[in-house]
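Okay, structure first, notes after.
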Amino acid sequence: MNDTPTHRTAIVTGGSRGIGRGIAEALGAAGHNVVINYNSNADAAQQAADAVKAAGGDALIVQADIGQSDDRKRLVDEAIARFGRIDLLVNNAGVGPKVRADLMDMAEESWDWVLDVNLKGPFFLTQLVANRMIEQGEADQPPEAPPAIVNIGSISAYTASINRGEYCIAKAGIGMMTSLFADRLAPHGINVYEVRPGIIATDMTSGVKAKYDKLILEDGITPIRRWGKPDDIAKAVVAIATGLLPFSTGEVINVDGGFHMKRL
Ligand code: NAP
Numbered sequence: 186m187n188d189t190p191t192h193r194t195a196i197v198t199g200g201s202r203g204i205g206r207g208i209a210e211a212l213g214a215a216g217h218n219v220v221i222n223y224n225s226n227a228d229a230a231q232q233a234a235d236a237v238k239a240a241g242g243d244a245l246i247v248q249a250d251i252g253q254s255d256d257r258k259r260l261v262d263e264a265i266a267r268f269g270r271i272d273l274l275v276n277n278a279g280v281g282p283k284v285r286a287d288l289m290d291m292a293e294e295s296w297d298w299v300l301d302v303n304l305k306g307p308f309f310l311t312q313l314v315a316n317r318m319i320e321q322g323e324a325d326q327p328p329e330a331p332p333a334i335v336n337i338g339s340i341s342a343y344t345a346s347i348n349r350g351e352y353c354i355a356k357a358g359i360g361m362m363t364s365l366f367a368d369r370l371a372p373h374g375i376n377v378y379e380v381r382p383g384i385i386a387t388d389m390t391s392g393v394k395a396k397y398d399k400l401i402l403e404d405g406i407t408p409i410r411r412w413g414k415p416d417d418i419a420k421a422v423v424a425i426a427t428g429l430l431p432f433s434t435g436e437v438i439n440v441d442g443g444f445h446m447k448r449l
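So the sequence shown is numbered by the working numbering: it starts at 186 and just counts up by one.
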């Protein structure tokens, strides 16, 4: 471990593609050591690590299935072994159901998989990391900002889609998880936030591009009439990572082009 750490260390789950990659790169540009977690696509993880380094940060790649307990422990251990401490956890990794089945036909296997990766994994990873952050204390804390945890939620937390109910339920759970950990960790100086994306152009939404093109560009479902970009989410995470929201915790930051507003 460095005697006087000057760089903050962030774990970004699912940091290899899409929103997570955007977050990893932006944190690298803000001078962070970034632990890039991925599950199956090693090439994408390598490209993300190269981008983080080109942006000015350091990077470590760790394969780990966030839905698996042993993998989560190994992820944290490898991050500590390399960088000595963890200052920021971004719970970003997420999956949609493999089959968008109607609520009346949803398979239990799909429920288990989506809930494991999107809710149980982030919950128990947060528990692990938060305990480490508490152990670390403030002694060697880099000066820029206090430790923080960011959960990447979704507008699906409050928008019912009856052909992917398991995803909506997991994201609704992320909302409560954010409140619970924010309350529990505030006495330890650890702030917890949810960043809640709207419709963002990534692999996850590429299969429904035509549907969303119409909704966004023609029907104006979002007041800001464009697709969101990973960098839109990354900017919110960097604001948190660099200490610009010190008196906020349990906060939901909507990054959705205004989708969340009721309109008449
Ligand atoms: P994406 O393009 O499909 O990328 C998913 C990332 O998560 C990849 O890096 C993937 O790594 C990783 N991942 C998947 N399963 C994993 C597992 N079991 N363990 C570890 N890593 C895993 O998705 P995205 O659109 O960027 O979404 C990122 C987050 O934003 C998700 O939580 C999603 O629910 C949320 N979100 C997305 C949108 C949107 O419109 N795109 C909107 C609201 C919220 P591998 O390639 O190695 O599997």
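No residue lacks a Cβ here, since even glycine has one placed at the ideal position from N, Cα and C.
Is Thr387 near ligand 1, in the sense that its beta carbon is under 8 Å from a heavy atom of that ligand?
yes
CA-to-CA distance, Ala211 to Val440, given in whole angstroms:
16 Å
Excluding five sequence neighbours on each side, which residues of the same chain lie with their C-beta closer than 6 Å to the C-beta of His373?
Ile319
Considering only the beta carbon of each residue, do Ala195 and Ala214 sit closer than 9 Å?
no
Any non-hydrogen atom of ligand 1 closer than 8 Å to Val348 Cβ:
At residue 348 the sequence reads Asn, which differs from the Val that was named. No, the Cβ of Asn348 stays beyond 8 Å of every heavy atom of ligand 1.
According to DSSP, Leu300 sits in a beta bridge with which residue or residues?
For Leu300, which the question treats as bridged, DSSP gives no partner whatsoever.
Using the rule of at least 16 other Cβ atoms within 10 Å of the residue's Cβ for burial, across every protein chain shown, is Leu370 buried or exposed?
buried
So, are the CB atoms of Gly311 and Gly338 less than 9 Å apart?
Before going further, note that residue 311 is Thr rather than Gly in the sequence given. Their beta carbons are not under 9 Å apart, which means Thr311 does not touch Gly338 by this criterion.
Do Gly322 and Val299 have their CB atoms nearer than 9 Å?
no
Can you tell me the Cβ-Cβ gap for Arg202 and Asn226, rounded? I've got them flagged as a contact below 8 Å.
7 Å
Quick check: is any heavy atom of ligand 1 less than 8 Å from the C-beta of Tyr223?
yes
Given a threshold of 16 other Cβ atoms within 10 Å of its Cβ, counted over all protein chains shown, does Leu304 qualify as buried or as exposed?
buried
Name the residue from Lys399, Asn276 and Leu400 whose alpha carbon lies nearest to the alpha carbon of Ile334.
Asn276
CA-to-CA distance, Ile384 to Trp412, given in whole angstroms:
6 Å
For Ile418 versus Tyr378, is the C-beta distance shorter than 9 Å?
no
Compare the Cα-Cα distances from Ile438 to each of Ala286, Ala342 and Ser391 and report the closest residue.
Ala342
Cα-Cα separation between Ile141 and Arg381, rounded to whole angstroms:
Limits of the chain in this structure are 186 at one end and 449 at the other, which puts residue 141 out of reach.
Terminal residues of the continuous alpha helix (DSSP H) containing Asn226?
Run containing Asn226: none; DSSP gives neither H nor E here.
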